[in-house]
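Taking the numbering used here, I'd label the letters of the sequence shown as residues 644 to 882.
Backbone N, C-alpha and C fix where the C-beta goes; we use that ideal spot for every residue, glycine too.
Beneath this line is the structure, given in structure tokens, with notes to follow.
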Amino acid sequence: MRVAGRLVGETLNHLEKLVEIGVSTYELDREAEAFIRRNGGIPSFLHYNGYPASICTSVNEQVVHGIPSKKVKLKDGDIISIDCGAIVDGWHGDAARTFLVGNVAPEVKKLVEVTKECFFLGAAQAKEGNHLIDIARAVETHAKEYGYGVVRDMVGHGIGTSMHEPPEVPNYVDIRMGRGAKLFEGMTLAIEPMINLGTWRIVIAADGWTASAADGKPSAHYENTVIVGKDSAEVLTLV
Ligand code: MF3
Ligand code: CO
């Protein structure tokens, strides 16, 4: 999983260099698939439950699962969340970043920064003896300090020989969940805060995939695959 994770991290670094005004999300997808394959991986999103591309490209109010398209060209002031997964020797890596395009409004830039901070605060709780609720509380508390909406309908997940394995890793605390599963050293999780500038509520587009903030305000996503450790998490998809 370290090898798969590194490849996903490298793919996202490669894509970051290509994000600029005028580039289409289709071009980013073509680059991602080629990069993953020439480095010995298989894009895990392609054909997953019928998904038609190798990455998800979610622009502005789109939260996750935006489908790359020749018609979507990045504009000055956009933010784009790129979610990417790869398989190497049967093992999965999964990660997402939100990138800025040109001059982004200060309040939107702040949302992107805080979403990344939410991940690191959550990951700091991914240690033996803690429970899933500790990750969720860390993410939610930080996001709420800024009045942001924490997406509830989509969650992080266990990951290993499949992209999505138990347990679900929510980014919010709900009394009905109890403390959630106990964490132990060696567990592999995808921790992925999805944070909205406005409401936490999302709507799914007619394409059956694209999730957008219900109020049309910007949304950010930051995800890494991690290994739960004794005292801290090891992040596999950041290189
Ligand atoms: N990477 C997403 C996740 O974090 C899954 C993408 S769904 C797919 O769970 F269909 F695009 F693969
Ligand atoms: Co994921």
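With H, G and I counted as helix, E and B as strand and the rest as coil, what does DSSP make of residue i?
| i | result |
| --- | --- |
| E704 | coil |
| E771 | coil |
| P836 | coil |
| P686 | strand |
| F742 | strand |
| D777 | helix |
| V747 | coil |
| I818 | helix |
| D672 | helix |
| V882 | coil |
Residues in its own chain within less than 6 angstroms of residue i by CB, not counting five upstream and five downstream?
| i | result |
| --- | --- |
| L689 | S697 |
| D777 | Q768 |
| A876 | A766, A769, V869 |
Under 7 angstroms Cβ to Cβ from residue i, same chain only, skipping five residues before and after it: list those, please.
| i | result |
| --- | --- |
| P695 | I710 |
| G648 | G736, T868, L879, T880 |
Can you check which of these residues, the options, is closest to residue i by C-alpha distance?
| i | options | result |
| --- | --- | --- |
| T741 | E866, D874, D858, K873 | E866 |
| W852 | R680, I685, N692 | N692 |
| I802 | E835, H774, E750, I725 | E835 |
| D726 | S712, V707, V744 | V707 |
| V755 | A833, W734, G728, G720 | G720 |
| M797 | G790, E788, H807 | H807 |
| E676 | T654, H785, G665 | T654 |
For residue i, which residues in the same chain have their Cβ closer than 8 angstroms to its Cβ, ignoring the five residues on either side in sequence?
| i | result |
| --- | --- |
| K860 | E704, N839, L840, G841, T842 |
| E674 | H657, L658, L661 |
Name, in chain order, the residues that DSSP records as bridge partners for residue i.
| i | result |
| --- | --- |
| K716 | S667 |
| V731 | W734 |
| G801 | E808, L832 |
| H864 | M837 |
| V846 | S855 |
Would residue i pass as a contact of residue j if the rule is Cβ separation under 7 angstroms?
| i | j | result |
| --- | --- | --- |
| G684 | V757 | no |
| A854 | I845 | yes |
| V651 | A729 | yes |
| H864 | K825 | no |
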